[in-house]
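Novice: Quick note, my numbering runs 18 ahead of the 1-based positions in the sequence shown.
Please see the structure below; I have some questions.
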Amino acid sequence: MTASSHPGSTEAEVIAAPSLSDYSRFVQRLRRRYASELALLPPGEPLREHMAQAFRALRERGDNVADALRTVRQLVMERLITLDCDHHAPLAVVTTAVTQLAEFALDDACREACAELDAQHGAPLGPEGQRAQLWVVGMGKLGARELNVSSDIDLIYLYDQDGETAGDADGRSRLANQEYFARAVKRIYALVGDTTAHGFVFRVDLALRPNGNSGPSAVSLDALEEYFQVQGREWERFAWLKSRVVAPQSVVDDCSARALRGVVLPFVFRRYLDYNVFDSLRTLHRQIREQAARRSAGRPERANDVKLSRGGIREIEFTVQLLQVVRGGKFPELRTRPTLDALQRLARANLMPQETADALAAAYEFLRRVEHRIQYLDDQQTHVLPVHDEDLRWIAHTLGYADCCLFLSQLDAHREFVAQEFDKLLGGKKPCSRCNSGSANPAPVDLSELIDELPPAFAERIRDWCENPRVTALRDETRARLRQLVQRTGQWLREPDSEAPGQIGHHVEAALRWADWIEPLLRRDNYIALLVERPAVQERLLRLLGSAKWPARYLMQHPGVIDELASNEMLAGRFSATEFERELEARHLSLRQTGEADEERLLNLLRHAHHAEVFRTLARDVDGRITVEQVADDLSALADAVLRVTARWCWPHVRNPHREAPQFAIIGYGKLGGKELGYGSDLDIVFVYDDDDERAGEVYAAYVRKLINWLTVKTREGDLFEIDTALRPNGNSGLLTTSFEAYEKYQLGRGSNTAWTWEHQAMTRARFVLGDPSLGKRFDRIREAVITAPRDRDALKAQIVAMRDKVRAARPVKADRFDVKHSAGGMVDAEFTVQFLVLSEAKAHPELIPNVGNIALLLRAEKAGLLPEGIGANAAAAYRELRRVQHRARLNEEPTQVPMSSLVAEREAMLALWKVVFG
């Protein structure tokens, strides 16, 4: 036997041990007592069908149900200890087998109990005369399929309908369904949990049921839902996170037990990011540690508990469950029961580094394997390392270590890592009383005590809060948290910014915007809790609010996006359409699997994902990490991705779709087409289809109406985009969607119904956004044909100048002001000039055909000799600067008109361009 290659383990010498399982006192008893029965279990990993085979053999020889189940349990235990200790079976082999044993035993016990009660009292019936069903809900490790070899099983018994039984053959002996199922629970316990000459199958614990040990043993589904709404406590959300109907097998197979999801999911997972659970888990963990300390008082050997002590299994589980409960409402892909699977999902969601997830997974497997060996010794439900040297040495050897020192060193390393990660997440240090973070003697919650420490403007705002009914009506706990945030903000105003010293010149203004932002949210505890739990988020939020006005407005509209600031990597990244779509599809799949993928949920999912990405781009923008052009690129790529996902998800919701995937395309115009989107830009789009089916026109019209509704309707998460379809053939008087053939005829001037010059101008910035690639190639041919068509140059020039004059007249500017977009020498001059050059010269100069943006096209036109040397380059540089000025003004909600003395060089470069081209 060679040393185990656990992460961080030291290479150990070969251990000569012919059969390590022989040392287990539990195995010795089993092999003596059940020598003749051991062969009933087929060789290899004990699976459910093998347990059923052994059970049938025992029943056929005359064993009653209870004895047969207990004997099967002993056979499975002997097999698992042998496989684990002698053959190094993976952890999953052990946990899966024990879980399947519990499911098998409970299924058989349910059938036996219900058959006995049916014979005496008839079947339990619902209001419509159908049979009421018992659901055995497995909690904790049973629900997650992670049972250890000496686990008790945490069960909750539910039934789906109230009513009464049918009675015996004469209609007598009727029972209320609640009483019927209460008796069934007692009988199931006797079959599974009672200790007999053959031991027990599992220890059974019902303490997690509603109202604990004082509540009824069986609860109706309606009563459970009412309990969750009225009395459900925060810690119970963690308990129900791993819940699963495990028996009887019939209700699992026919999927009727899925009705439980609709009750449990809204209780466990809130629709918002729920940071209030930090305090609840902190309290629960403190109680567990205190209980463990009491158990080990005067018994130091009990302090080495691999489950409950510092850095133990429970802290890994709590770390995972906390992140799942906080975010699982918004991110359904995080909802999974097994701990190891959840760790990898958290890493994929960037909620913890991959190396941390892997290290926690390695620690979890190591600690679980140690836990099993502790229990292999005597079949005791204990997690404490043995005190006898021989027992400890045996555990080390079965894990592949040459001696106890190497084993204990590895154990300490894993536990120290787990404890550090847990403390990092939940807060390992005792809270500071002056900061009011949950100390035994909370600091005063009167905000007025802080006013003297604050700058005058911010102090005046807090003084108003002291008399504001919205503040005075808050719960003491919430007021204490608010006081902590105000105190922290005051400290930020006095001290240099820790992440960007000297970069924010408007700290007080940031604090005032923060107060404006949080005041409407005071009754939504989750936002206050988030900032209290994540000081770095509050500091980044203040810095962001101090950088410009528009981020504050965006945050007021979409407050939930502030959680994005918790990521240290956010500012350094860029938008990835592939990753964005992958995450959305993963969430969509998770919602479908739980039956939650209705239209409203999908609309909110799209909006939240879009708002979060816009906010990430905004944060990078105001922090100076990306240029104006990069902002436009990322927002345009985001719009494309949202359109693609929305189009995919929307099609199955169209009534009577005639094909699996639509033969459909979206053409982007304007800022979307030119990839120049800004924050809040609307989308100029045209919808076309290429489908000969006689129903096509009607189906695609319905599809587009639904698609526009999905994109524009306001839900509780807001909206996505404003949609402008005025550039479709015949404008607002035309059909909302048109066939590709009709679109081509219109654009190319075939027939009496043809496009206008301004529509050809728009075509210079058009691009194919989504649809079948063949349609994309067809559109590119149409666009090229339009912009390279022969034209009367002078007539085209006159038309474009007339259009420019019309646009300028609609946007009057005072004589002493310069509008960076609309004034003479503004951005529109460059845009109209580029459109003229493309429409008049693209046939002779094909390098002008690609839609590469105004700056690149100005440089290409100069290189082609269409502009004098320097004119194109100067205009391109001026256009870039004017865009930057416009962008900054909009971020600060300032006018885009500046004094005539500003931006002189840029204006002159634009006027020179216009003069060269148009005279």
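Idealized CB from N, CA, C, for every residue including glycine.
All of these numbers come straight from a predicted model, not from anything done at the bench.
Please state if the CB of Gly-871 and the CB of Lys-693 are separated by a distance shorter than 8 Å.
Specialist: yes
Novice: Which term fits Pro-747, buried or exposed, when burial requires 16 or more other beta carbons within 10 angstroms of its beta carbon?
Specialist: buried
Novice: Rounded to a whole number of angstroms, what is the C-alpha to C-alpha distance between Tyr-382 and Phe-593?
Specialist: 34 Å
Novice: Please look up how many angstroms separate the CB atoms of Pro-228 and Tyr-245, rounded, as I've assumed it's under 8 Å.
Specialist: 4 Å
Novice: Return the bridge partner residues of Gln-915 from the DSSP annotation.
Specialist: Asp-837
Novice: Candidates Lys-204, His-68, His-432, Asp-652: which alpha carbon is nearest Gly-330's?
Specialist: His-432
Novice: Buried or exposed, going by whether 16 or more other CB atoms sit within 10 Å of the CB of Trp-412?
Specialist: Residue environment for Trp-412: buried (at least 16 other C-beta atoms within 10 angstroms of its C-beta).
Novice: What do you get for His-105, buried or exposed, if any count of 16 or more other CB atoms within 10 angstroms of its CB means buried?
Specialist: exposed
Novice: How close, in whole Å, do the beta carbons of Val-83 and Leu-209 come, if the pair is a contact with beta carbons under 8 Å?
Specialist: 6 Å
Novice: Straight-line CA distance for Val-646 to Ala-570?
Specialist: Computed Cα separation, rounded: 19 Å.
Novice: Within a Cβ cutoff of 8 Å, which residues of the same chain sit near Asp-651, ignoring the five residues on either side of it in sequence?
Specialist: Cβ neighbours of Asp-651 beyond the five flanking positions: Lys-693.
Novice: Tyr-177 and Ser-238: beta carbons closer than 8 Å?
Specialist: Yes; because the gap between Cβ atoms is below 8 Å, this pair is in contact.
Novice: Please report the straight-line C-alpha distance between Lys-448 and Arg-898, rounded to a whole angstrom.
Specialist: Its pLDDT being 42, under 50, Lys-448 is placed unreliably by the model, and the measurement read from it follows with that caveat. So the two alpha carbons sit approximately 53 Å from each other.
Novice: Got a sec, what are the start and stop residues for the alpha helix (DSSP H) Val-787 sits in?
Specialist: Val-787 -> not in any alpha helix (DSSP H); beta strand (DSSP E) instead, spanning 785-789.
Novice: Could you pull out every residue in the same chain whose Cβ sits closer than 7 Å to the Cβ of Cys-128, ignoring the five residues on either side in sequence?
Specialist: Leu-152, Val-154, Ile-206, Ala-265, Pro-266
Novice: For Val-660, collect the residues of the same chain with a Cβ closer than 7 Å to its Cβ; drop the 5 residues on either side in sequence, then sort them by chain order.
Specialist: These residues qualify, in order along the chain: Leu-624, His-628, Leu-738.
Novice: Indicate whether Gln-556 and Leu-549 have their beta-carbon atoms separated by less than 8 Å.
Specialist: yes
Novice: Would you check if the distance between the CB atom of His-257 and the CB atom of Val-203 is smaller than 8 Å?
Specialist: Checking the sequence shown, residue 257 turns out to be Ala, not His. Taking 8 Å as the Cβ cut-off, Ala-257 and Val-203 do not qualify as a contacting pair.
Novice: In three-state terms, what does DSSP make of Tyr-245?
Specialist: Under the three-state reduction of DSSP output, Tyr-245 falls in the helix class.
Novice: Could you give the DSSP three-state label for Ser-757: helix, strand or coil?
Specialist: Residue state for Ser-757 is assigned as strand, using DSSP reduced to three classes.
Novice: Would you mind sorting Gln-118 into buried or exposed? The rule is 16 or more other CB atoms within 10 Å of its CB.
Specialist: buried
Novice: How long is the line joining the alpha carbons of Phe-122 and Pro-61, rounded to whole angstroms?
Specialist: Whole-angstrom Cα-Cα distance: 19 Å.
Novice: Does the Cβ of Gln-399 have 16 or more other Cβ atoms within 10 Å, making it buried, or fewer, making it exposed?
Specialist: By the neighbour-count criterion, in which a residue is buried when 16 or more other Cβ atoms sit within 10 angstroms of its Cβ, Gln-399 is exposed.
Novice: Which partner residues does Thr-806 have in the DSSP bridge list?
Specialist: According to DSSP, which records beta bridges pairwise, Thr-806 is partnered with nothing at all.
Novice: With a CB to CB cut of under 7 Å and the five nearest residues on each side skipped, what residues in its chain are close to Glu-912?
Specialist: none
Novice: In terms of DSSP beta bridges, what is Pro-142 paired with?
Specialist: Listed as beta-bridge partners of Pro-142 by DSSP are Thr-183.
Novice: Taking buried to mean at least 16 other C-beta atoms within 10 Å of its own C-beta, is Gly-769 buried or exposed?
Specialist: Low local confidence applies: a pLDDT of 49 at Gly-769 is under 50, so the model's placement there is unreliable, and no value is given.
Novice: Tell me the residue span of the alpha helix (DSSP H) that contains Ile-206.
Specialist: 195-210
Novice: Closer than 8 Å is the cut-off here; do at least three beta carbon pairs connect the region 752-769 with the region 717-727?
Specialist: With the cut-off at 8 Å, the region 752-769 and the region 717-727 touch.
Novice: Would you mind listing the alpha helix (DSSP H) stretches within the region 468-518 that are 4+ residues and don't spill past its ends, in chain order?
Specialist: 474-484, 487-490, 494-512
Novice: Are any of the Cβ atoms in chain D nearer than 8 Å to that of Glu-63?
Specialist: The question asks about chain D, but that chain is absent: this structure has only one protein chain.
Novice: Rounded to whole angstroms, what's the CA-CA distance from Arg-481 to Ser-466? Just pull it up for me.
Specialist: Here the alpha carbons of Ser-466 and Arg-481 stand approximately 7 Å from one another.
Novice: Report the residue from Leu-299, Arg-925, Tyr-52, Trp-774 whose alpha carbon sits nearest the alpha carbon of Ile-889.
Specialist: Arg-925
Novice: Shortest alpha-carbon distance to Asp-581 belongs to which of Arg-552, Glu-55, Val-405, Gly-715?
Specialist: Arg-552
Novice: Within the same chain, show all residues whose beta-carbon is closer than 6 Å to that of Gly-691, passing over the 5 residues directly before and after it, in chain order.
Specialist: Arg-783, Ala-784, Arg-785
Novice: With distances taken Cα to Cα, identify the nearest neighbour of Glu-15 among Asn-869, Arg-355, His-863.
Specialist: What is shown of the chain runs 19 to 937, which leaves residue 15 out entirely.
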